[in-house]
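**Student:** Please read through the structure below; I'll follow up with questions.
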Amino acid sequence: KGRVPMDKVMMLIWQFRDDPSVVQFMAQFVTKYAGRRDVFDGIEFYLPQLAHMIIHLEAHWDDAILERFALIIAQHSIHFALQLNWILQGAIEDYQPELPNGEPNSNFNALYYTRCVKLLANIERCVVYGTPRAHELQRLYEKGQITKKEYEIMEQADRRFNAAQLTSNQSELLKAGTFGGNLLYKRLVRTSRCSRKTWKTRYFEVSERMLYCYNVHPLEGGRLVRAMPLEGAVISETLPSEAKYPHMFEVQNFNFLFRIRASNEEEKKSWMKVLKEERESHTLYPHQVGVSFVERDGDDEVKYGHGHNQKQFMKDLTSTQMARYVFFKNQRDFIRNLTNIAEDLRHQERADRKVLAPQYVDAMTTPSCVYIPLCNSTDVWRRVHSPAPKETRVFNTNERCPLVLYFLTRRGEKLNNRRLQTEKLDVAEYLKLHFEVPDESILIPPISEEESVSFEVIDDRIVPSSSADEY
């Protein structure tokens, strides 16, 4: 009947998971019909299973078939990319070398960990760059120079090409942009009651906005012993009251804390500069180190890596690419801030959590354009207007502090000062109209500000005013 049974497709991929040729055929088949609502709903429904296979099945394959498939779909849907982004974030925490308290992680897997980090960066690049030829193909189709079928074939080919470029061998680029060297490191906790916490020489490496720590250089067979994301990290010199040794500095992010010691003041400043530049860099490019790595061999200096200007890279983005980047980043930060509230409350006394939760929610910053992602692409788009702090509910468990949060949302959007014809616009359509080629047929004449949705504050609650249409 023309329907693609996604449940059977996923079962076939799983049953023939050891045969890359069958997996590749099924991935290409689904990609061909990914634009259909029923197929895309099926892809989103089975995303956890798909993500599991991407992380684990292809780890030892020569060809990244399912990874390319995910990157093609990520170009097609920002919502899909966000969902996969959070799954990968969870997998990174599962397979990271150490727990936040410094204890070894029993589930650590270096191969899966580095694979998730790389895929996470590629997902963001797919979202930002999208399909560069989309506007050109749309114009050709509107002028009648290509048929609808030709337009669809060329658009799919463009997405496949972009995904293939990202999954190609980037080892040379990564090597060129890697900053690394030996530093002294001391664990925050003892490995056993009888062991001492001594300074040990470890090889540290900065790449892809990550700080990696190996027992020895990777080219000498070193193994990864700890790692930390640098996005949002605090890099600072160790306080004089805590610095028992010279040239100490710290890198802290979330609940991670690395206390490191350089051999001299120049080396310490060099590392801190690189770490800060990497923290402020973007994942849109294969290598991010902002300065060249300098090694001294006698009286000679050997430089590795290439410096680049992050600000210039951002200026080179088109207005559409910049809009996609800002939306994707704001959406990730919004959800991270929500989860951070639960994490912060977990460390508070149980009796104080119900009092502190509304305060944390009220202090949270809500970006101008975000939505609650617990939905499908075909669900109605609802922009988050503001939280309802007093409605926050806190649950105490043995390990965590779950929350129920309420938000006031609104339907109906404007595009170029025009109201969209329907307020039942779904998530996929809204994201396409704002970050893809807009379809002018869905627009109607402008509306006045008096006709737009407005809100009032009644009894310390934000509620829609009598002139509001839907919320």
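Under this note's numbering, the first residue of the sequence shown carries the number -15, and numbering increases by one thereafter. All C-beta atoms in this analysis are idealised placements derived from N, C-alpha and C, irrespective of residue type, glycine included. Note that the structure is predicted; figures quoted are calculated from it, not measured.
1. How long is the line joining the alpha carbons of Leu387 and Ser220, rounded to whole angstroms?
2. Could you tell me which residues DSSP puts in a beta bridge with Asn166?
3. So, using beta-carbon positions, are Phe29 and Met(-10) closer together than 9 Å?
4. Relative to the C-alpha of Glu136, which residue among Thr115, Gln149, Val368 is closest?
5. Less than 9 Å between the C-beta atoms of Val(-12) and Asp22, yes or no?
6. DSSP three-state label for Glu383, please.
7. Could you tell me the alpha carbon to alpha carbon distance between Leu50 and Leu417, rounded to whole angstroms?
8. Can you tell me whether His60 is buried or exposed? The criterion is at least 16 other CB atoms within 10 Å of its CB, across all chains shown.
9. Per DSSP, which residues does Thr393 bridge with? Please list them.
10. Go ahead and pull the three-state DSSP assignment for Glu82.
11. Is the beta carbon of Phe64 sitting closer than 9 Å to the one on Phe24?
12. Is Tyr187 buried or exposed, if buried means 16 or more other CB atoms sit within 10 Å of its CB?
13. Report, in whole angstroms, the separation of the C-beta atoms of Tyr169 and Ile244, which I expect to be a contact under 8 Å.
14. Looking only at its own chain, which residues have a Cβ that is under 6 Å from the Cβ of Pro373, when we skip the five neighbours before and after it?
15. Suppose only complete runs of 4+ residues qualify. What are the alpha helix (DSSP H) ranges in the region 232 to 259, listed by chain order?
16. Put Met194 into one of helix, strand or coil per three-state DSSP.
17. Whose C-beta lies closer than 7 Å to the C-beta of Phe0 among residues of the same chain, with five residues either side of it excluded?
18. From the DSSP output, in three-state form, read off Ser5 for me.
19. Per the DSSP calculation, Tyr113 is bridged to which residue(s)?
20. Over what stretch of residues does the beta strand (DSSP E) that includes Ile130 continue unbroken?
21. Roughly how many angstroms separate the alpha carbons of Pro270 and Arg144, rounded to a whole number?
22. May I have the straight-line CA-CA distance separating Glu192 from Ala11, to the nearest angstrom?
23. Assuming the contact rule is C-beta atoms closer than 8 Å, Leu208 and Ala94 should be a hit. Round their C-beta distance to whole Å, please.
24. Of all Cβ atoms in chain C, is any one closer than 9 Å to the Cβ of Tyr414?
25. Is the beta carbon of Leu121 closer than 9 Å to that of Cys100?
26. Taking its Cβ as the centre, do 16 or more other Cβ atoms sit within 10 Å of His290, making it buried, or is it exposed?
27. Assign Gln218 to one of three DSSP states: helix, strand, or coil.
28. Confirm, please, whether the CB-CB distance from Arg263 to Gly216 is below 9 Å.
29. Can you check whether the CB of Ala246 is closer than 9 Å to the CB of His231?
30. If you count every other CB in all the chains shown that lies within 10 Å of the CB of Gln67, and 16 or more means buried, which is it?
31. What does DSSP give as the partner residues of Tyr355 in its beta bridges?
32. Can you give me the start and stop residues for the beta strand (DSSP E) that Met212 sits inside?
33. Distance, Cα to Cα, Phe311 vs Glu108?
34. Taking C-beta to C-beta, are Thr376 and Tyr355 nearer than 9 Å?
35. According to DSSP, Arg99 sits in a beta bridge with which residue or residues?
36. Alpha carbon to alpha carbon, how far is Asn248 from Ala227?
**Tutor:** Working from what's here:
1. Walking along the sequence shown from the start, residue 387 turns up at place 403. Walking along the sequence shown from the start, residue 220 turns up at place 236. Each residue's Cα considered, the two are about 33 Å apart.
2. To locate residue 166, count along the sequence shown from 1; it is residue 182. Answer by DSSP bridge pairing, in chain order: Tyr187.
3. By 1-based counting over the sequence shown, the position of residue 29 is 45. By 1-based counting over the sequence shown, the position of residue -10 is 6. Yes, they are a contact pair.
4. Taking the sequence shown and counting its residues from 1, the one referred to as residue 136 is at position 152. If we check each option's Cα against that of Glu136, Thr115 comes out closest.
5. Within the sequence shown, residue -12 is the residue found at index 4, counting from 1. Within the sequence shown, residue 22 is the residue found at index 38, counting from 1. In contact: Val(-12) and Asp22 (Cβ atoms closer than 9 Å).
6. Taking the sequence shown and counting its residues from 1, the one referred to as residue 383 is at position 399. DSSP, reduced to helix, strand and coil, places Glu383 outside both helices and strands of the structure shown, so it counts as coil.
7. Position 66 of the sequence shown holds residue 50. Position 433 of the sequence shown holds residue 417. Cα-Cα distance, rounded: 28 Å.
8. To locate residue 60, count along the sequence shown from 1; it is residue 76. His60 should be labelled buried.
9. In the sequence shown, counting from the first residue as 1, residue 393 sits at position 409. Answer by DSSP bridge pairing, in chain order: Val368.
10. Residue numbering aside, residue 82 sits at position 98 when the sequence shown is read from its first letter. Correct three-state label for Glu82: strand.
11. In the sequence shown, the residue the question calls residue 64 occupies position 80. In the sequence shown, the residue the question calls residue 24 occupies position 40. A contact, by the Cβ cut-off of 9 Å.
12. Against the sequence shown, residue 187 aligns to sequence position 203. By the neighbour-count rule (16 or more Cβ atoms within 10 Å), Tyr187 is buried.
13. Walking along the sequence shown from the start, residue 169 turns up at place 185. Walking along the sequence shown from the start, residue 244 turns up at place 260. Rounded, the Cβ-Cβ distance is 6 Å, consistent with contact.
14. Numbered from 1 along the sequence shown, position 389 holds the residue referred to as residue 373. Only Pro342, Val345, Asp346 meet the Cβ criterion.
15. The region 232 to 259 contains no whole alpha helix (DSSP H) run of 4 or more residues.
16. Stepping through the sequence shown from its first residue, residue 194 is reached at position 210. Strand at Met194.
17. Residue numbering aside, residue 0 sits at position 16 when the sequence shown is read from its first letter. Sequence-distant Cβ neighbours of Phe0 in its own chain, meaning closer than 7 Å and more than five residues away, are Val6, Val7.
18. Numbered from 1 along the sequence shown, position 21 holds the residue referred to as residue 5. Three-state DSSP puts Ser5 in a helix.
19. As a working note, residue 113 is residue 129 in the sequence shown. Partner(s): none; Tyr113 has no beta bridge.
20. Looking up residue 130 in the sequence shown gives position 146. Looking at the DSSP string, Ile130 is not in any beta strand (DSSP E), and its letter there is neither H nor E.
21. Along the sequence shown, one-based indexing puts residue 270 at 286. Along the sequence shown, one-based indexing puts residue 144 at 160. For Pro270, the predicted model reports a pLDDT of 44, less than 50, meaning its position is unreliable and no value from the coordinates is stated.
22. As a working note, residue 192 is residue 208 in the sequence shown. As a working note, residue 11 is residue 27 in the sequence shown. Roughly 28 Å between the two C-alpha positions.
23. Along the sequence shown, one-based indexing puts residue 208 at 224. Along the sequence shown, one-based indexing puts residue 94 at 110. About 5 Å; that satisfies the 8 Å criterion.
24. Among the chains of the structure shown, chain C does not appear; only one protein chain is present.
25. Taking the first residue of the sequence shown as 1, we reach residue 100 at position 116. Taking the first residue of the sequence shown as 1, we reach residue 121 at position 137. Result no, Cβ atoms of Cys100 and Leu121 do not sit closer than 9 Å.
26. On the sequence shown, residue 290 is found 306 positions in, with the first residue counted as 1. Only weak support is given to the placement of His290: the predicted model assigns it a pLDDT of 38, under 50, and the value that follows is read from those uncertain coordinates. The residue is exposed, with fewer than 16 neighbouring Cβ atoms inside 10 Å.
27. Counting from one through the sequence shown, the residue named residue 218 turns up at place 234. Correcting the residue type first, residue 218 is Val in the shown sequence and not Gln. Strand, per DSSP.
28. For the purposes of this step, residue 216 is taken as residue 232 along the sequence shown, with counting starting at 1. For the purposes of this step, residue 263 is taken as residue 279 along the sequence shown, with counting starting at 1. Closer than 9 Å, so yes.
29. Along the sequence shown, one-based indexing puts residue 231 at 247. Along the sequence shown, one-based indexing puts residue 246 at 262. Contact: yes.
30. Counting from 1 along the sequence shown, the entry for residue 67 is found at position 83. So Gln67 ends up on the buried side.
31. The count along the sequence shown starts at 1 and reaches residue 355 at position 371. For Tyr355, which the question treats as bridged, DSSP gives the partners Arg367.
32. Taking the sequence shown and counting its residues from 1, one reaches residue 212 at position 228. That run of the beta strand (DSSP E) goes 208 to 213.
33. What you label residue 311 is simply residue 327 of the sequence shown in a count that begins at 1. What you label residue 108 is simply residue 124 of the sequence shown in a count that begins at 1. When rounded, the distance between both Cα atoms is 11 Å.
34. Residue 376 sits at position 392 when you count from the first residue of the sequence shown. Residue 355 sits at position 371 when you count from the first residue of the sequence shown. Their beta carbons are not under 9 Å apart, which means Thr376 does not touch Tyr355 by this criterion.
35. Here residue 99 refers to the residue found at position 115 of the sequence shown. According to DSSP, Arg99 bridges with nothing at all.
36. Against the sequence shown, residue 248 aligns to sequence position 264. Against the sequence shown, residue 227 aligns to sequence position 243. Those two C-alpha atoms are separated by around 14 Å.
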